[in-house]
Each structure stands twice: as C-alpha cells, then as structure tokens.
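Participant:
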Amino acid sequence: MMKRMKWVQGLCFYLLTVSVCFNAAAQNNVTSEILPYRDVDGYMIIRANVGGVEGDFLLDSRGKVAVTEQAAVVRAMKVDKPVDNYPRGGFQVVGGATAIGFFVGNTVYQKDISTRVLKENVLLTKLKVDGVIGFAAFSNVVVTINSKAKTITLSTPYKPAYLKLVNRDNAELSRSEGLTIQIIINGKPVKAIADFYQNEPLVLSATDAQLINSGSAAVKLAGISVNNVKVTKGDATRTVVGKSILNKGVISFDIERNKYYFQSFNQGEESSAPAVKKETVAMVPGKVNSIDREYFLKHVYDYKNNKEWKTIGGKPVVIDFWATWCGPCMKMMPVMEELAAKYKDKVVFYKVNVDKEGELRQIFKANAIPLVIFGSLNNGSTQEIGADTREKVEAHILQLLK
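With mature numbering (1 follows the signal peptide of the UniProt record, and there is no 0) applied, the sequence shown covers -24 to -1, 1 to 378.
(1) In or out: residue 102 buried (at least 16 other Cβ within 10 Å) or exposed?
(2) DSSP state of residue -6, grouped into three classes?
(3) Pick from 163, 104, 118, 341: whose alpha carbon is nearest that of residue 360?
(4) With a cut-off of 8 Å, do at least 3 Cβ pairs link the stretch 140 to 150 to the stretch 175 to 195?
(5) I need the DSSP call for residue 334, collapsed to helix, strand or coil.
(6) If you draw a straight line from the alpha carbon of residue 96 to that of residue 66, how long is it in whole angstroms?
(7) Within the same chain, show all residues whose beta-carbon is closer than 6 Å to that of residue 160, passing over the 5 residues directly before and after it, in chain order.
(8) Should residue 74 and residue 9 be called a contact, given that it needs their Cβ atoms to be closer than 8 Å?
(9) Taking the CB atoms as reference points, tell me whether residue 6 and residue 138 lie closer together than 8 Å.
(10) What would DSSP say about residue 294, mapped onto helix, strand or coil?
(11) Taking the straight line between their C-alpha atoms, what separation do you get for residue 193 and residue 180?
(12) Measure the CB-CB distance between residue 218 and residue 171 and report whether it falls below 8 Å.
(13) When we look at the beta-carbon of residue 303 and count the other beta-carbons within 10 Å, is it buried (16 or more) or exposed?
(14) Taking 8 Å as the threshold (C-beta atoms), are residue 31 and residue 24 in contact?
(15) May I ask which residues mark the beginning and end of the alpha helix (DSSP H) holding residue 373?
(16) Please report the Cβ distance between residue 232 and residue 150, rounded to the nearest whole angstrom; I am assuming they are in contact, meaning their Cβ atoms lie under 8 Å.
(17) Please look up how many angstroms separate the CB atoms of residue 297 and residue 345, rounded, as I've assumed it's under 8 Å.
(18) So if DSSP puts residue 299 in a beta bridge, which residue, or which two residues, is it bridged to?
(19) Going by Cα to Cα distance, which pick from 210, 163, 215, 112 is closest to residue 157?
(20) DSSP three-state label for residue 21, please.
(21) Mapping the DSSP letters down to three states, classify residue 148 as helix, strand or coil.
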C-alpha cells in the first residue's frame, strides 16, 4: 500500500513537472511585435495597410473593419450595395467592399478582407483617419494594450510572458456587441461590454445597478481589484466598461481562446522591447531587394511625372511583383535570387509585394501574378505575365543587356 502511495505521489509530481515545463516552454515560444499608437482625446489610432495603402485607423473594440468613402476611392475599392449596419451609432454605412491586402505591423495579415464603407462623420473627420479597425481583425493574435507606454503588443500564439496566468477571466467577441469581458462587482460576476469610446470607467445597466446598495462598488478585472472606479448608473440594457479603465493597468485580449488578462503597471511590461520603427530600405547588390512605393518613385521610375518608362540610375532593372499566396511566385523566388547574384554587376533586381503596395499594383495592373517588369535604360520597359521559369526571365534579361 505504501509503495503504491509513493508511486502515485511520484506520478503526480512528474505530471506537475511536465505541465510546468510545458507551459514555460510554450511561453518561451511566444513571438511579439510592439507597435506604437497615437492617443487623441482618449481614442487609439494605429497604422495599418488596408487595400495596399497605409494609413491611420481608429481602433474600435465594438466595431468592424471599415474605410471612409474617400479612403475607398484612394484604394480603388469597388463599393457594392449596402451591407449590415455598423455595430455602433453615429456611423452610416454606404456599402461594402473588399480590400486586397490587410496588414497591421508584420504580425497581422490577410490576403483580402471584407470592409464596410462609411460616410465621413464628425469623429472620423476630427481624428483624420482613413477608417476603423475592429477586434475581429485580431482573432489569430493576442492584443495587449499598454496605455502608459502608448503601445499595442501583437503576440502569437500566447500572451506576453509578463502577464500572469492567474490574472485572467472570460472574454467574448460578439457580432452585435463587440468585445465583452467578465468583471466582478461586489463579488458577483457581470458580463460587460468593453467600449473604448466610452469616457466613464463603469456604467451599470439597470439590472446590474441593483448589486450596489450603498452606492459604492468593489470592482475586479481578471481577479485584480481596481480602486477608485467611478460608477455610473445608466439606462442601457448592458453594463459598459469605458476607456479610462485602461489607465489602471495593462489589458490583454486573447480572442481565439475567449480570455482576457489584466494587471497593474510596472510588473515586467516596461522591460519589453521598444516600439518598432519603420526601417530604412537598404539595397544589397546581388539580391532581390524588397521596395515600396516611395522607393520606387525615387529610385526606379517616377511614373507621377513621366508617362513613358524612364529608368532612374545607371543600370537596367528587373521588378518582380509577388504575394505570399501566389504559388508560382514563391517557387520562382530562389531562381530570381540566383539570377540577381549572376547579374549583380549589370542589373538591379527588386520585388514588390502586391498586397502591401496597392498603388503599384494598380499602376502596373499587377492583378495577375507572377508579373515581372524589365526596365531598360533607353528603350522603355517590357512585362512578362506568368514569368514562372528561369528561361523566360533570363531571356528578357539578355535583351536588356544588348
């Protein structure tokens, strides 16, 4: 009997050790990207590439991905008949559209995304944004907001390591209400809408207001007591947690697992990496260098001021228009690298991601890829759609060098 008890104890210890090691190993495998956001009157504004054009977007915990009418025109987005209304009042939907390419930092990416098209309103005009991004866009990452540092961390597959597992509670993303979280008021669980447009920290529904007898409330978020929370009794059917609650600590949303985390500041988040800044494009001879619209206009061909192709610089150029979802493009990349190395003293090689560079995609009609442009010094340019073999590409290069 004693032997069996020792065996069971040993097994339990072993399983506990394995569990702890597994959790530690999993947490060590987390990759994180930290992005800055702008705070304008309490509204969070992030940079995002929607439809191949980068711009400022308002982060909305109750909203959807949407662009203004003007932003849709700039991105050459075809607006279809009206779709569902926007989940929050004050926004008028004029139609729906598909944005080709959707990026937030280097972590969030979709080949295309359905968007609503909104009429300009007072808020969007005041904030000078191209549209709105709702939390459904972050369904495959964990989003951590640090209002003290004015940063948003995008991590996969789990939360940042400094957030404690015990500081966790339930969350849910609803189509009609947006992001909801469970909080504790005077010892009772309450499902509340997280509304980052709402100024008041906590607005109680008529039903939840009955939890407060003396007018005071003991509030907990993810098990953490939050002091000095002003409580307002509203007439809405649901309790709302407002944006000023963000000033109480770091909050993190794991939408895929229906969880959120909350803890006070200065518990490790300050030692995380600084917010990333846009890197300077550095060209490497003998490589296929990735370029954006700005570099293209300045160093390759200024299509704004020249109707006919005129290569800038002293060497002909080869430009590969590609995307991660394009099988033939990915297959040709090693071949293009080999050719770039072979002709490094004679030809400059570039590549353009059509999902990120919407204007370049439109200008050069790169909707069918792979597409390769061969720009000569004196004889304009030629294009090869479906440049999927070494022989096709090299034949054009040899023509450039004649």
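Each residue gets a CB set at the ideal place from its N, CA and C atoms; glycine is no exception. As the structure is a computational prediction, the values presented were derived from the model and not from experiment.
Facilitator: Let me lay it out:
(1) Position 126 of the sequence shown, counted from the first residue, corresponds to residue 102. Under this definition residue 102 is an exposed residue.
(2) Within the sequence shown, numbered from 1, the residue matching residue -6 stands at position 19. Low local confidence applies: a pLDDT of 46 at residue -6 is under 50, so the model's placement there is unreliable, with the coordinate-based value given in what follows. Looking at residue -6 - three-state DSSP - the assignment turns out to be helix.
(3) Reading the sequence shown from its first residue, position 384 is the one you call residue 360. Closest by alpha carbon: 341.
(4) no
(5) Within the sequence shown, residue 334 is the residue found at index 358, counting from 1. Three-state DSSP puts residue 334 in a helix.
(6) Taking the first residue of the sequence shown as position 1, residue 96 is located at position 120. Taking the first residue of the sequence shown as position 1, residue 66 is located at position 90. Approximately 10 Å, taken between the alpha carbons.
(7) On the sequence shown, residue 160 is found 184 positions in, with the first residue counted as 1. So the qualifying residues of the chain are 196.
(8) In the sequence shown, counting from the first residue as 1, residue 74 sits at position 98. In the sequence shown, counting from the first residue as 1, residue 9 sits at position 33. Not a contact, by the Cβ cut-off of 8 Å.
(9) Taking the first residue of the sequence shown as 1, we reach residue 6 at position 30. Taking the first residue of the sequence shown as 1, we reach residue 138 at position 162. Their beta carbons are not under 8 Å apart, which means residue 6 does not touch residue 138 by this criterion.
(10) Counted from its first residue, the sequence shown places residue 294 at position 318. Residue 294: strand per DSSP, three-state reduction.
(11) Taking the first residue of the sequence shown as 1, we reach residue 193 at position 217. Taking the first residue of the sequence shown as 1, we reach residue 180 at position 204. So the alpha carbons of these two residues sit roughly 11 Å apart.
(12) As a working mapping, residue 218 is identified with position 242 in the sequence shown. As a working mapping, residue 171 is identified with position 195 in the sequence shown. Going by C-beta atoms, residue 218 is nearer than 8 Å to residue 171.
(13) Taking the first residue of the sequence shown as 1, we reach residue 303 at position 327. When all chains shown are included, residue 303 counts as exposed.
(14) Translated into positions along the sequence shown, residue 24 becomes position 48. Translated into positions along the sequence shown, residue 31 becomes position 55. Yes, these two residues count as a Cβ contact at 8 Å.
(15) As a first step, residue 373 must be located in the sequence shown, where it is residue number 397. Residues 366 to 376.
(16) Start at 1 with the first residue of the sequence shown, and residue 232 comes out as number 256. Start at 1 with the first residue of the sequence shown, and residue 150 comes out as number 174. That belief does not hold up - the Cβ atoms of residue 232 and residue 150 are roughly 15 Å apart, past 8 Å.
(17) The sequence position of residue 297 within the sequence shown is 321, counting from 1. The sequence position of residue 345 within the sequence shown is 369, counting from 1. Indeed they touch by this definition, with Cβ atoms about 5 Å apart.
(18) Stepping through the sequence shown from its first residue, residue 299 is reached at position 323. Looking at the DSSP assignment, residue 299 forms no beta bridge with any residue, so it has no partner.
(19) Locating residue 157 in the sequence shown gives position 181, counting from the first residue. Looking at the Cα atoms, 215 is the closest of the given residues.
(20) For the purposes of this step, residue 21 is taken as the residue at position 45 of the sequence shown. Correct three-state label for residue 21: strand.
(21) The residue you call residue 148 lines up with position 172 of the sequence shown. Looking at residue 148 - three-state DSSP - the assignment turns out to be strand.
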